[in-house]
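Residue numbers (the numbering used here): 553 to 1099.
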């Protein structure tokens, strides 16, 4: 009787595990080729996950309704609660099974062990994808819009990544050993890590593909230089297929993605014919990235794309048209691409060499910005103390400010533009509701939160000004801080164009130029009255055109 009882209990546990695996398999399979993991594809029926059969039009309409109307989002959240609970319950079952397996549990047959590990890695890939910052403009729009609708995987699911005895596989490949992992599970996990010969072969094939790409020589040359130093992502795309992916970006707006698969059905790993490919993308706006300025810039979304009545603001109109021209000339085939890259290299060298002189000016600028917005300064000391210790402070500052600006300015305004294009933004009440919802975005560190709050203060007045023309309402005049932010944005664009077209940079003249840019910003936000000619012209344009 005892042996029967143990066998029955073991079978019951295996059935429970198989059910959990099937739940997660169905969930991850839907996201095999997804850029943005979501929950809207699923519903819970009789304790299992079922796919919804919705047309593209139905999905689009549903997303728009839930992004705009709070009651719709609340209803969606209520519906998703048991679904999310089932996913988390299934993940818990898989974690327990992995813990037992690592302890030498023999109740799982080889096939179920393989399914268990493969499913865990697939699930982790989806969770990590949900936590990853979007890489492309279209992905940013999609992710922001889906989040506004409440479709994205939330923080609780993002935190449910399956740990392998405290040593989860990194999303980006690095070579490490895990001596504390038991031999049994370590041997299975090792099969999912790229072998040295796979990495080498991936590099060889990537090198060959890059040399065949129809891209300018300098772009190919930069990519080849970065090939051996850029991290590689590795994940199981199916039971016996290891997929490698490498994303190279040596210049703002330019990315090259390399992909390739290896079959491990046999003892030897074999590259799969036709799976190795290169995808390159270049997106330029004509507005400077923080790396192309002083480590901090605002967003090109704080400028109108075009003016419907350009004759009312001729100087601003000329600048906006020049911006579009510059964007075209910055593309890989454009005549300013090489110069822009040379400027970037000199700028990095100058910031790193003259850190003691430039970092205090950067801090002084941020202090002036915070004071102009009436924001507390306590968080600045901690942030800049960390930067002082960094050998790559300029790159780190640029990365952080890019993240915060996209979070609090670029994404909300992009969301508004999409809503307007889809006719869900028709009047001022729609705009006001949508912008307030879109700007409520959490950020992680105290400095990021303070900076995000500061930028949000300028978001509503400036975007209201621009959307007044689209939605035909009369805007309010800008407050002093918002006008200074608008002026600084226009100055950044103007200075960027000057650099690209007129400035012949060397290390000797780049340093005083950067100092000039920083002091110009400090003066703009410190003084009670500051030169605001272009901002005044642009504000007057919208106030007059709606008056």
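Built from N, CA and C at the ideal position, the CB exists for glycine as well.
{"Query": "Based on the DSSP secondary-structure assignment, which residues constitute the bridge partners of residue 812?", "Result": "796"}
{"Query": "Just verifying my parser: in three-state terms, what is the DSSP assignment at residue 901?", "Result": "helix"}
{"Query": "Cβ of residue 808 within 7 Å of Cβ of residue 832?", "Result": "yes"}
{"Query": "Near residue 1094, what residues of its chain come up, given a Cβ to Cβ distance below 8 Å and the 5 sequence neighbours on each side ignored?", "Result": "1017, 1018, 1020, 1021 and 1027"}
{"Query": "Out of curiosity, what's the CA-to-CA distance linking residue 841 and residue 1008?", "Result": "19 Å"}
{"Query": "Is residue 1027 helix, strand or coil by DSSP?", "Result": "coil"}
{"Query": "Which one of 576, 650 and 665 has the shortest CA to CA distance from residue 642?", "Result": "576"}
{"Query": "Is DSSP giving residue 1068 helix, strand or coil here?", "Result": "helix"}
{"Query": "I need the boundaries of the beta strand (DSSP E) containing residue 833, first residue and last residue.", "Result": "829-834"}
{"Query": "Quick check on DSSP: helix, strand or coil for residue 553?", "Result": "Note on residue 553: pLDDT 34, under 50, position unreliable in the model; the coordinate value appears next. Residue state, collapsed to three classes: coil."}
{"Query": "Per DSSP, residue 790 forms a beta bridge with which residues?", "Result": "793"}
{"Query": "Is residue 599 buried or exposed, if buried means 16 or more other CB atoms sit within 10 Å of its CB?", "Result": "exposed"}
{"Query": "Within the same chain, show all residues whose beta-carbon is closer than 6 Å to that of residue 1006, passing over the 5 residues directly before and after it, in chain order.", "Result": "925 and 927"}
{"Query": "Is residue 884 helix, strand or coil when you go by DSSP?", "Result": "coil"}
{"Query": "Compare the Cα-Cα distances from residue 862 to each of 1090, 901 and 822 and report the closest residue.", "Result": "1090"}
{"Query": "Expressed to the nearest angstrom, what Euclidean distance is found between the alpha-carbon atoms of residue 667 and residue 952?", "Result": "39 Å"}
{"Query": "Going by other Cβ atoms of all chains shown within 10 Å of its Cβ, with 16 needed for buried, is residue 889 buried or exposed?", "Result": "buried"}
{"Query": "Under three-state DSSP, which class holds residue 781?", "Result": "coil"}
{"Query": "Give the single residue among 760, 999 and 921 whose Cα lies nearest to the Cα of residue 1079.", "Result": "921"}
{"Query": "Is there at least one non-hydrogen atom of the ligand ZN closer than 6 Å to the beta-carbon of residue 690?", "Result": "In terms of ligand content, the structure shown is empty, and the ligand ZN therefore cannot be addressed."}
{"Query": "Nearest-angstrom Cα distance between residue 1042 and residue 917?", "Result": "17 Å"}
{"Query": "Please state whether DSSP places residue 851 in a helix, a strand or coil.", "Result": "coil"}
{"Query": "DSSP three-state label for residue 964, please.", "Result": "helix"}
{"Query": "Between the Cα of residue 881 and those of 872, 871 and 892, spot the shortest distance and give me the residue it belongs to.", "Result": "892"}
{"Query": "Please state whether DSSP places residue 1051 in a helix, a strand or coil.", "Result": "helix"}
{"Query": "Taking 7 Å as the CB-CB cut-off, is residue 684 touching chain B?", "Result": "Protein chain content of the structure displayed is limited to a single chain, and chain B is not contained in it."}
{"Query": "Leaving out five residues before and five after residue 1045 in sequence, what residues of the same chain have Cβ atoms less than 8 Å from its Cβ?", "Result": "838, 839, 840, 852, 855, 871 and 875"}
{"Query": "Looking at residue 797: is its Cβ nearer than 7 Å to the Cβ of residue 785?", "Result": "yes"}
{"Query": "Between residue 879 and residue 815, what straight-line distance do the alpha-carbon atoms span, to the nearest angstrom?", "Result": "42 Å"}
{"Query": "Taking residue 896 as the reference, which of 996, 1070 and 804 has the closest Cα?", "Result": "804"}
{"Query": "How big is the Cα-Cα spacing for residue 1036 and residue 751?", "Result": "51 Å"}
{"Query": "Apply the 10 Å Cβ neighbour rule to residue 1062 and answer buried if 16 or more other Cβ atoms are within range, or exposed otherwise.", "Result": "buried"}
{"Query": "Could you tell me whether the Cβ atoms of residue 676 and residue 713 are closer together than 7 Å?", "Result": "yes"}
{"Query": "Can the beta-carbon of residue 674 be found closer than 7 Å to that of residue 799?", "Result": "no"}
{"Query": "Here's the rule I'm using: 16 or more other beta-carbon atoms within 10 Å means buried, otherwise exposed. How should residue 787 be labelled?", "Result": "buried"}
{"Query": "Keeping to the same chain, check which residues put their C-beta closer than 6 Å to that of residue 1085; ignore five residues upstream and five downstream.", "Result": "none"}
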